[in-house]
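Data block below; observations after.
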């Protein structure tokens, strides 16, 4: 085979790989040198040498062979890379079946440490991505493998790999993150099976527990009920006398998928389908803050829809009330009434993620009644539950310690029975009886009033009939007046796509109403904004959104695909943005690590170009009026897109500003002249853009910003650093290592120009775009708006 060189860009770094002299099988008389490769029979995977980033270090690894970008799934010598001093590497298989990686002086850099005795060993990579050693002539079945890379995972779990423990041999298969996206050496995060009590998958950072999906309940993991059967892959948790492991297998072989433990500790599934040519994020196991291990402490429960998210279980109170009120939950909760064993009962809690099972006892065949009896007679038993929830439920969990890491789930969760003092059980019974008595009184009163209500019902029927006619006319007006330039979706299609607006599909909620993820019949992903009945915004905002964005086409504006007005439902259908909104990343300590400086600067530039289009290049001069980080959505490649045009206004002719009696928007992003006098213009958006630039650079919110040395907000703090020549101190920690100082200083300077107090001093977005992309000196900014707001 002629020498072929591939130049492949992958994410933020460059791979240069020599892919010559590819072979299918290697035996003990052969070797693979740097620049040569071993490929799987179907050419799906390739084994060879590669260099991530610009380090110059060389690694032996496996990657997808047929993809346009180089995706490494396994690295052999991640702790012992080859470098200039060691010279080029050579891969060999010994006569005993051991794989060895040698440097130029024939010293062993890495070895498979196989302890088997082979007769005629060969090295082969399968189309599953599994590198195996077997005896020549044996079938490609696991029983014949002398060694396999699937037993020694890196940061990637492929279909068919096992994540867990072989209790017979002691082999522990765990995922270990890369140190960075350019450094395959072992990082801080490990994800594997914890065998204490009932086995669970647990993720740890430097040995400290960070996340667990909950115990397997026969259908899914207790804390991830949203993990439902699908047409792409099936999954299972195997627990027998010899092995305990999780794995998934493909159903649709046209799909390419991988699960990766990122350097920041996120366990994520990526997919490539026959409709796409690059990886897209399918799901992340840790969906919100309630997935942080033990966030609410012992006997605390986390509910992401509450504020604050932590609360004590019923029958419990905060252990340290003062700390709890300060949102410090680590000490958790304690019982209102102490237990006395003999008279204790059990209170049922439903729809929860089961607590940590590390110190639990279990029995796979015991009935729930026997499980209760065993817990009741043991005074140390704090709770019990079924271990398998299929059909009528079976199996038994018993807990003997404080219950920790529980959360309320948005969909059907499990049931747990927690031991409570008799007085607490009696109190609950009294409340239930009182409720029943009240219900009987209500029935009697209702019967007495029924005759009177008959007449009222007749009147209501007439009123509702007229109301329906009015609503029908209103719906027709909306459809004819505002959806005429857009495709109109029927309600049944959208309901099917969103699983009937399931809570599992809910992405979030804003002033307009909730937003749901949907998948149309052809596989196209959409986001559906649903006008809620108690929405702060209404039909006027709906019409405004459609009018201002229906015909706008720009890569930095979210695309409106259509609308639906049917059966009292008012829906807007958008392109789906998988990476949520900008604020989801920049203000979160963990997720912000994903945004290095090049990505932040790219986002700043994208927002600027989108605003320029709105202000100057669109068919209408549009002022957004509610620019903020939560209204900037991010696509698969972290490209920013401006969204939410419900408050937008358009200018015609030579109009430059307008006045309103009703000031709308978000404090912290509003310009002074708009918040105080109701005057808005394109310069109002420029102010909001400037605030976002400083938030992106610093990772701090303008509103609520606190600094121990002064009482200034983020704008004032930035101005102070700029005046003292210390602007570099503003940059967020996750972006410091990758920070381009000249770009960062330019961004801060431009941000300050945009937030100047007087709108006349602020630049236009056309000037901002030129400044961001050009070189040369910039005008000196004047004092920002709200500089002294906390001193007044």
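Numbering (the UniProt record's numbering), first residue to last: 1 to 792. Positions of the beta carbon are idealized from the N, C-alpha and C atoms, including for glycine.
Original post:
What is the rounded straight-line gap between the Cα of residue 385 and the Cα of residue 588?
Top reply: Rounded to the nearest whole angstrom, the CA to CA distance from residue 385 to residue 588 is 35 angstroms.
Original post:
For residue 374, does the three-state DSSP call read helix, strand or coil?
Top reply: Of the three classes helix, strand and coil, the one that applies to residue 374 here is helix, per DSSP.
Original post:
Under the rule that 16 or more other beta-carbon atoms within 10 Å means buried, what is residue 341, buried or exposed?
Top reply: So residue 341 counts as exposed.
Subject >> Stretch-stretch touch, CB-based, cutoff 8 angstroms, three pairs: the segment 123-131 with the segment 29-49 >> reply: Contact holds between the segment 123-131 and the segment 29-49, because three or more Cβ pairs, one in each stretch, are under 8 angstroms apart.
Original post:
Given a threshold of 16 other Cβ atoms within 10 Å of its Cβ, counted over all protein chains shown, does residue 261 qualify as buried or as exposed?
Top reply: Buried is the label assigned to residue 261, since at least 16 other Cβ atoms lie within 10 Å of its Cβ.
Subject >> Residue nearest to residue 597 in terms of C-alpha spacing, selected from 714, 720, 741 and 706 >> reply: Among 714, 720, 741 and 706, the Cα nearest to that of residue 597 is on 741.
Original post:
What do you reckon, are the CB atoms on residue 556 and residue 769 nearer than 9 angstroms?
Top reply: The beta carbons of residue 556 and residue 769 sit no closer together than 9 angstroms.
**OP:** Tell me whether residue 741 sits in a helix, a strand or coil according to DSSP, three-state version.
**Re:** Helix at residue 741.
Subject >> Spatially closest choice to residue 256 from 280, 264, 246 and 489, by CA coordinates >> reply: The option with the nearest alpha carbon to residue 256 is 280.
**OP:** Report, in whole angstroms, the separation of the C-beta atoms of residue 153 and residue 174, which I expect to be a contact under 8 angstroms.
**Re:** Indeed they touch by this definition, with Cβ atoms about 7 angstroms apart.
Original post:
Going straight from the alpha carbon of residue 139 to that of residue 110, what length do you get?
Top reply: CA-to-CA, the gap between residue 139 and residue 110 works out to about 27 angstroms.
**OP:** Specify the secondary structure class of residue 422 as computed by DSSP and reduced to three states.
**Re:** Looking at residue 422 - three-state DSSP - the assignment turns out to be helix.
Subject >> Three-state class that DSSP yields for residue 601 in the structure shown >> reply: In the structure shown, residue 601 falls within a helical segment according to DSSP collapsed to helix, strand and coil.
Original post:
If you draw a straight line from the C-alpha of residue 747 to the C-alpha of residue 649, how long is it?
Top reply: Each residue's alpha carbon lies about 28 angstroms from the other.
**OP:** In the DSSP assignment, find the alpha helix (DSSP H) that holds residue 674 and state where it starts and stops.
**Re:** Residue 674 -> alpha helix (DSSP H) spans 672-677.
Original post:
So which of 253, 252, 254 and 217 has the shortest CA-CA distance to residue 236?
Top reply: With distances taken between Cα atoms, residue 236 lies closest to 217.
**OP:** With DSSP as the reference, please indicate the residues paired to residue 312 in a beta bridge.
**Re:** For residue 312, which the question treats as bridged, DSSP gives the partners 300.
Original post:
According to the neighbour-count rule (16 or more other Cβ atoms, all chains shown, within 10 Å of its Cβ), is residue 634 buried or exposed?
Top reply: So residue 634 counts as buried.
Subject >> residue 417, DSSP secondary structure in three states >> reply: Judged by DSSP in its simplified three-state form, residue 417 adopts strand.
Original post:
If you run the structure through DSSP and keep just helix, strand and coil, what is residue 774?
Top reply: Residue 774: coil per DSSP, three-state reduction.
**OP:** Look up residue 684 in the DSSP assignment and say whether it is helix, strand or coil.
**Re:** Judged by DSSP in its simplified three-state form, residue 684 adopts helix.
Original post:
Ordered along the chain, which non-local residues of its own chain (more than five positions away) have a Cβ less than 8 angstroms from that of residue 370?
Top reply: Excluding sequence neighbours, residue 370 sits near 396.
Original post:
Looking only at DSSP bridge pairs, what is residue 31 linked to?
Top reply: In DSSP, residue 31 forms a bridge with 92.
Original post:
How about residue 350 and residue 297: do their beta carbons lie closer than 9 angstroms?
Top reply: Not in contact: residue 350 and residue 297 (Cβ atoms no closer than 9 angstroms).
Original post:
On the three-state DSSP scale, how would you describe residue 734?
Top reply: Here residue 734 sits in helix by DSSP.
Subject >> Candidates 55, 77, 28 and 610, of which the one nearest residue 48 by Cα >> reply: Scanning 55, 77, 28 and 610 for the CA closest to the CA of residue 48 turns up 77.
Original post:
Based on the DSSP secondary-structure assignment, which residues constitute the bridge partners of residue 260?
Top reply: Note: residue 260 sits in a beta bridge opposite 156 and 268.
**OP:** Taking 8 angstroms as the threshold, find out whether the segment 486-501 comes into contact with the segment 560-579 through three or more Cβ pairs.
**Re:** Enough Cβ pairs lie closer than 8 angstroms, so yes.
Original post:
Taking the alpha carbon of residue 205 as the point to measure from, which residue in 177, 393 and 182 has its own alpha carbon closest?
Top reply: Looking only at 177, 393 and 182, the smallest Cα-Cα distance to residue 205 is reached by 177.
Original post:
Between residue 622 and the rest of its own chain, which residues show a CB-CB distance below 6 angstroms, the 5 nearest in sequence each way excluded?
Top reply: Annotation for residue 622: 548, 614, 648 and 650 place their beta carbon closer than 6 angstroms to its own, counting only its chain and skipping 5 residues before and after.
Subject >> Cβ neighbour criterion (16 or more within 10 Å) applied to residue 25 >> reply: Per the 10 Å Cβ criterion, exposed.
Original post:
Thinking just about the alpha-carbon of each residue, which of 391, 317, 394 and 272 is nearest to the one in residue 300?
Top reply: Ranking 391, 317, 394 and 272 by Cα distance to residue 300 puts 317 first.
Original post:
With C-beta atoms as the reference, is residue 695 less than 9 angstroms away from residue 586?
Top reply: Judged by their CB atoms, residue 695 and residue 586 are nearer to each other than the 9 angstroms cut-off.
**OP:** Could you check the C-alpha separation between residue 122 and residue 210 for me, to the nearest Å?
**Re:** Whole-angstrom Cα-Cα distance: 41 angstroms.
Subject >> residue 328 classed as buried or exposed, judged by whether at least 16 other C-beta atoms fall within 10 angstroms >> reply: Its Cβ having fewer than 16 others within 10 Å, residue 328 is exposed.
Original post:
Below 9 angstroms between beta carbons: does that hold for residue 96 and residue 117?
Top reply: Closer than 9 angstroms, so yes.
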